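>
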Amino acid sequence: SKITVLIWEDHMYGLIAWKQHNSFGKHTDLSFGNPEFVTLAKAFGWNGHRCEDSSQLQSVLKTALAEDGPSLVVIPIDYAENNKLTQRLGNISCPI
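Those letters in the sequence shown? Residues 88 to 183, by the numbering used here.
(1) Just to confirm, is the Cβ distance from E96 to V161 under 8 Å?
(2) Express the C-alpha separation of K106 and T126 in angstroms, rounding to a whole number.
(3) Mapping DSSP to helix, strand and coil, what is L117?
(4) Over the uninterrupted beta strand (DSSP E) stretch that includes H136, give me the two end residues.
(5) Rounded to the nearest angstrom, what separates N134 and D155 at their Cα positions?
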């Protein structure tokens, strides 16, 4: 069957760590291991892809959506972007 599944891979509870860091200046150990999802997908007969950079996303999705059979696309999460957003939003004031 033709289905494409996307996994956002983060190796930790990143949103919780981000919130703890913003509130307390540090966070507890919230990391964990993930399986090698692409290898696991192929072991089950799926097509497997990994998208390491946002510039690759369109081509990886086009490939995955065009393939026969199920496809898995793994997208690593970079929580550094949350820190940039926090700094940017912190500089914005919104009077009530």
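By construction, the Cβ of each residue, glycine as well, lies at the ideal position given by its N, Cα and C atoms.
No experiment lies behind these values; they were computed from the predicted model shown.
Looking at the coordinates:
(1) In the sequence shown, counting from the first residue as 1, residue 96 sits at position 9. In the sequence shown, counting from the first residue as 1, residue 161 sits at position 74. Taking 8 Å as the cut-off, the Cβ atoms of E96 and V161 count as close.
(2) In the sequence shown, counting from the first residue as 1, residue 126 sits at position 39. In the sequence shown, counting from the first residue as 1, residue 106 sits at position 19. Taking the straight line joining both Cα atoms gives about 32 Å.
(3) Numbered from its first residue, the sequence shown carries residue 117 at position 30. Note: L117 maps to coil in three-state DSSP.
(4) Taking the sequence shown and counting its residues from 1, one reaches residue 136 at position 49. Its beta strand (DSSP E) spans residues N134 to R137.
(5) Position 47 of the sequence shown, counted from the start, is the residue given in the question as residue 134. Position 68 of the sequence shown, counted from the start, is the residue given in the question as residue 155. Roughly 9 Å between the two C-alpha positions.
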